[in-house]
Amino acid sequence: MSKSCIILGSNSDIGQAIAHKFALNGYAIILASRNIDEYQKRLQQDISIRYNVPVSLVEFDGTNFSEHEQFWHSLPVMPNVVVSVFGYLGDQEKAVADFNEAYKIISSNYIGHVSLINKYVQQVKGIQTSAIIGISSVAGERGRQSNYIYGSSKAAFTCYLSGLRNDLTKHNIHVMTVIPGFVKTKMLGDMKTPDFLTASPEDVANRIYNAFVNKKDVIYIYPIWRYIMLVIKLIPEFIFKKMSL
Amino acid sequence: MYKKLIQNWGNYPKISAEVFEPSSSYIINDFIRKTPKLIPRGNGRCYGDSSLQHAIISTLKLNKFLFFDKENGIITVESGVLLSDILEVVVPYGFFLPVTPGTKWITIGGAVASNIHGKNHHKEGAISNFITSFELMTEDCNIVHCSRSENTELFTNTIGGMGLTGMITTVTIQLKKIETSYIKQKTIKAKNLNEVLNYFEEFNHYTYSVAWIDCLKKGNSMGRSILILGEHAKKNDLPDKYTNHLKTHSHKQINIPFYFPNFTLNYFTISVFNELYYNKQTSKENNNIVHYDGFFYPLDSLNNWNRIYGKNGFTQYQFVIPFNNGREGLTKIMKEITNSGCGSFLAVLKTFGKKDDFSSSLSFPDEGYTLALDFKISPKVFDLLNRLDEIVLAYNGKLYLTKDARMSAEMFKKTYPNFSHDSKKFISIQMERLLNV
Ligand SMILES: Cc1cc2nc3c(=O)[nH]c(=O)nc-3n(C[C@H](O)[C@H](O)[C@H](O)COP(=O)(O)OP(=O)(O)OC[C@H]3O[C@@H](n4cnc5c(N)ncnc54)[C@H](O)[C@@H]3O)c2cc1C
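Chains as they are written, first to last, in this note's numbering: chain H, 1 to 245; chain Y, 1 to 437.
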């Protein structure tokens, strides 16, 4: 059977880098983004010319849950790798004051993924071997005052993926959790971060692909983040709560 | 957008600039509209200040392939696509760049803006001959489609126009058909300048030719060199063990991780290097089959080799002088250099054929000899280069702008007399120097 990979969130820098990496390895690619604009069309041309694989474009709205079942039916093929990388950073201060913003953050970073992935699993469970790669974040490892609405939705996503893995292992569906630290992307913008902790999207994609091939469960990018987060999680709450983070 | 200290390949000069790096040409209007002075920048492989200004639009994220006609070898790409990426895509289909510089790490936009030449100018001309069309974002934020028949004036003024007419957003070029990705190479040792120039004449039917000159040798051996000739190899030129006829280049590179200390490159080390290089080949003439990567891009396997010149950087001096009295001119220049004791690590001699039909008045290639020399930056070097300018001028030559970081406004005016700068926005700090504004 021919291999195919869908990128849910192909406007993101990480999503694009992952698309290149899978295309390089012979996967047909489906680029899914909120709307198909000129940029997505160029991306489609680019990937198909560079790697000589079929690339299609589809639209999806991560937060329009009622359409998610139909979304999977509308695809040209049922992909065997799903990369769920869409999300919304949002504005923490605004999210505290205005529930609409909080809801948008939670639904884009958590509920939308649950809805889409559940529907996908219903389609493929027992029928084809598949992999689900969820891109979560170190922000979900411990709540901090500066981004706990975003962070808690990522924490929920990480928890969802771990449960899903536990559930699907017996069905030959590989679930991988990716926990990136700093990545040089549009999201990071002009923020100055230490070089040795900051990965490029290409670097993230390479590591994800290798971990996928090796059937890894949870990966941190870079691995040093696993230890940083361990230390952060070990700080007693009575101290942590007074820190300005 | 971010502010940073920025420099090109020669690490001289360095300036602080706002850099805007859009991923789509549809979002650059605002930046152009609100910025009084700016210049496009590709991969910064020009040596000096051609792509420097205090506001820069980088094309490095405009890196999409848009169209590839595998039958006819026509390709359309966004302007920030690197030549190395084009090779990776087209070589397996039996196509090659029609013209290529000595590095594959430049953007196609930069190739058009400098009207780059290769080792085949005497036979096939510069890149301009193979540019079918391009799109240009002008200072009034229109995207203009330019070709030999549409907007011909803008087409012409942009090729070799050093980014001064606007920002090229997409480029369509005609590729060259090849049977294999290998080159049949012939190398010939020449005892001195006269001998190598004779060889250039004798072998001018070869598609590719270039000579590496040892610039330290004086007297009878002045201009001692190795002439390298090449033709694209056919399938039956290759030994049987070459199973993949259309192999692309490898990604292996040796990294030079830091700037060499200032004393590393001196007269002594350069002369040792040159001695080794010249004597590596023991016979007068050698014939072999080499991959395109080694033939065209011998320095690309050393990542950041520019760091061996130290933190203060270096400059490349490349001139062309007409064949008429050219030998005499080259001899004078070589003498001036050997007497100065400012060794040049790399000296590369090529020949140019007729001037290209469609190219800006700033375009460099013009019939004659062209010599490129690298010099580590020092006050002594600037004096030497000023003296060389006088000789180049006396022999009706000119300098390559994409390599320059120090030419005087006066020299520019005398050697590029037909240029007039029309844009109010698109200007590099190089052009400000050369136009004295
Ligand atoms: C090792 C080495 C070997 C070389 N050998 C050769 C050679 O053999 N022959 C040769 O001709 N050159 C040679 N060069 C020079 C190089 O090919 C040119 O300087 C080329 O223009 C660099 O392209 P770039 O993408 O790095 O652009 P930059 O260096 O960033 O810019 C170069 C010029 O192009 C303009 N420009 C860049 N992109 C655009 C755009 N999208 N729209 C409008 N203007 C733009 C800039 O404003 C600037 O004037 C060599 C350079 C190196 C480092």
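No residue lacks a Cβ here, since even glycine has one placed at the ideal position from N, Cα and C. Here the structure is a predicted model, which is why all the values come from computation and not from measurement.
Of the residues the options, the one placed nearest residue i, counting alpha carbons only
i	options	result
H:Phe22	H:Asn52, H:Tyr88, H:Ser33, H:Leu197	H:Asn52
Y:Gly80	Y:Phe67, Y:Leu60, Y:Ile183, Y:Val89	Y:Leu60
Y:Asn11	Y:Thr187, Y:Lys311, Y:Gly110, Y:Lys280	Y:Lys311
H:Val55	H:Phe157, H:Pro76, H:Gly90	H:Pro76
Y:Lys191	Y:Asp30, Y:Glu275, Y:Gly42	Y:Glu275
Y:Glu390	Y:Ile377, Y:Lys332, Y:Asp404	Y:Lys332
H:Lys3	H:Ala19, H:Ser10, H:Leu197	H:Ala19
Y:Asn449	Y:Ser428, Y:Ile289, Y:Glu21, Y:Gln174	Residue numbering for chain Y in the displayed model covers 1 to 437; residue 449 of chain Y lies beyond these limits and cannot be assessed.
Y:Asn220	Y:Ser271, Y:Phe203, Y:Glu195, Y:Tyr317	Y:Glu195
H:Lys192	Y:Leu435, Y:Phe419, Y:Tyr2, Y:Pro417	Y:Tyr2
H:Ile69	H:Val218, H:Val96, H:Gln123, H:Ala155	Just to set this straight, residue 69 of chain H is Glu in the shown sequence, not Ile. When only C-alpha atoms are compared, the closest one is H:Gln123.
Y:Phe203	Y:Pro261, Y:Glu135, Y:Asn120	Y:Asn120
Y:Glu88	Y:His249, Y:Ile6, Y:Thr158, Y:Glu21	Y:His249
H:Asn11	H:Ser107, H:Lys215, H:Val85, H:Ala28	H:Val85
H:Asp167	H:Ser115, H:Val81, H:Val121, H:Trp225	H:Val121
H:Leu197	H:Asp203, H:Arg42, H:Gly181	H:Gly181
Y:Thr207	Y:Ile188, Y:Ile183, Y:Leu193	Y:Ile183
Residue j beta carbon less than 8 Å from that of residue i
i	j	result
Y:Thr35	Y:Ser360	no
Y:Lys247	Y:Ser181	yes
H:Gly62	H:Gly15	no
H:Pro30	H:Ile6	Before going further, note that residue 30 of chain H is Ile rather than Pro in the sequence given. Yes, these two residues count as a Cβ contact at 8 Å.
Y:Pro322	Y:His117	no
Y:Met162	Y:Ile32	no
Y:Thr415	Y:Ser114	no
H:Lys184	H:Ser162	no
H:Ile49	Y:Phe20	no
Y:Tyr317	Y:Phe375	yes
H:Gly140	H:Ser108	no
Y:Val320	Y:Tyr369	yes
H:Val83	H:Leu24	no
Y:Ala372	Y:Ala394	no
Exposure of residue i, with buried meaning 16 or more beta-carbon neighbours within 10 Å
i	result
Y:His122	buried
Y:Cys141	exposed
H:Pro79	buried
H:Gly26	exposed
Y:His205	exposed
Y:Ser128	buried
Y:Thr132	exposed
Y:Glu285	exposed
Y:Met407	buried
H:Asp98	exposed
Y:Thr282	exposed
Y:Ser16	exposed
Y:Lys217	buried
H:Asn100	exposed
Y:Phe65	buried
H:Lys242	exposed
Y:Lys398	buried
Y:Pro101	buried
Continuous alpha helix (DSSP H) stretch holding residue i: start and end
i	result
Y:Ile429	429-435
H:Val124	112-124
Y:Ala409	409-415
Y:Ala113	108-113
Y:Ser84	83-90
Y:Glu18	First-last for Y:Glu18: 14-20, but that is the beta strand (DSSP E), not the alpha helix (DSSP H).
Y:Glu336	326-340
H:Tyr103	99-106
Y:Asn287	From DSSP, Y:Asn287 is part of no alpha helix (DSSP H) but of the beta strand (DSSP E) over 285-291.
H:Arg144	No alpha helix (DSSP H) holds H:Arg144; DSSP gives it neither H nor E.
Boundaries of the beta strand (DSSP E) in which residue i is found, first to last residue
i	result
Y:Cys146	143-147
H:Met176	173-180
H:Gly247	Outside the displayed span of chain H (1 to 245) sits residue 247 of chain H, for which this structure offers no information.
H:Ser48	Here H:Ser48 belongs to no beta strand (DSSP E); instead the alpha helix (DSSP H) covers 38-51.
Y:Trp212	208-213
Y:Arg307	Y:Arg307 -> no beta strand (DSSP E), and no H or E assigned at all.
Y:Met137	131-137
Y:Ile56	55-58
H:Thr193	That residue, H:Thr193, is in no beta strand (DSSP E); it is neither H nor E in DSSP.
Cutoff 8 Å: residue i Cβ touching any chain C Cβ
i	result
H:Gln45	As a matter of chain content, chain C is missing from the structure shown, whose protein chains are H and Y.
Under a criterion of Cβ closer than 5 Å to any non-hydrogen atom of ligand 1, which residues qualify, in chain order?
Y:Trp9, Y:Ile39, Y:Pro40, Y:Arg41, Y:Gly42, Y:Asn43, Y:Gly44, Y:Arg45, Y:Cys46, Y:Ser50, Y:Ser51, Y:Thr59, Y:Ser79, Y:Pro101, Y:Gly102, Y:Thr103, Y:Ile106, Y:Thr107, Y:Gly109, Y:Gly110, Y:Ala113, Y:Ser114, Y:Ile116, Y:His117, Y:Met162, Y:Gly163, Y:Met167, Y:Ile168, Y:Thr402
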